[in-house]
Amino acid sequence: VAMGGITTDRIVGDPSLRKLAYKVMDETIATANADLAKHGFPEEDYLPEDTREKMMVFTDTMGAYKPSTMLDLHARKPMEVKYLFKTALDRATKLGVPVPHLETLVSQIEAFQRHYKLY
Numbered sequence: 011v012a013m014g015g016i017t018t019d020r021i022v023g024d025p026s027l028r029k030l031a032y033k034v035m036d037e038t039i040a041t042a043n044a045d046l047a048k049h050g051f052p053e054e055d056y057l058p059e060d061t062r063e064k065m066m067v068f069t070d071t072m073g074a075y076k077p078s079t080m081l082d083l084h085a086r087k088p089m090e091v092k093y094l095f096k097t098a099l100d101r102a103t104k105l106g107v108p109v110p111h112l113e114t115l116v117s118q119i120e121a122f123q124r125h126y127k128l129y
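Sequence positions in the sequence shown follow the working numbering and run 11 to 129.
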């Protein structure tokens, strides 16, 4: 939805957007692992290095997938920004994990939400 409503196949098929997707995945995985560490989980429970590649391989097979937030945006319905995006950003901030790419995407999505008054 942050890319203006293009489908996942176009995101993963574009070299620049694919690179951005990897960066957001890295930030999200780092946040998840920091959260696990904070709660005392052993390192063997952390998301492994190959997690992002497995996720991308899965996404590569999805075709022209439209996430629910994109469907909501196109239908001009409220998007679940808080639960799908903002919570992860807030968690990263509390844990001290830098997530500049995720922060930018959340800002873009929130801008769409404000512009179309999707609350």
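Every residue, glycine too, gets a C-beta built ideally from N, C-alpha and C. These figures come from a predicted structure and were not determined experimentally.
Proximal residues to residue i (C-beta, below 8 Å), its chain only, five neighbours per side dropped
i: Gly106; result: Ala44
i: Met72; result: Thr18 and Asp19
i: Met65; result: Met35
i: Thr61; result: Met35 and Ile39
Of the listed residues the options, nearest to residue i (C-alpha basis)
i: Glu90; options: Lys29, Phe122 and Gly23; result: Phe122
i: Val116; options: Thr61, Glu53, Arg28 and Leu94; result: Leu94
i: Leu57; options: Gly50, Ala42 and Met65; result: Ala42
i: Ala102; options: Lys29, Val11, Ala40 and Leu30; result: Ala40
i: Asp36; options: Thr97, Leu112 and His84; result: Leu112
i: Gly15; options: Lys29, Met80 and Glu54; result: Met80
i: Gly23; options: Ala74, Val109 and Lys104; result: Ala74
i: Thr97; options: Thr38, His49 and Pro25; result: Thr38
i: Glu63; options: Pro52, Lys29, Ala47 and Phe51; result: Lys29
Same chain, Cβ closer than 7 Å to residue i, neighbours up to 5 away in sequence not counted
i: Lys76; result: Thr17
i: Glu120; result: Val91
i: Pro88; result: Asp82, Leu128 and Tyr129
i: Leu27; result: Met13 and Ile21
i: Leu99; result: Val109, Leu112, Glu113 and Val116
i: Thr69; result: Thr18 and Val22
i: Asp55; result: Leu46
Beta-carbon separation (whole angstroms), residue i vs residue j, contact threshold 8 Å
i: Arg86; j: Tyr126; result: 6 Å
Cutoff 6 Å; reference residue i; Cβ partners in own chain excluding five residues on either side
i: Val11; result: Thr79, Met80, Leu83 and Ile119
i: Phe51; result: none
Could you give the uninterrupted runs of the alpha helix (DSSP H) lying entirely in the segment 32 to 104, keeping only those of 4 residues or more?
61 to 70 and 78 to 85
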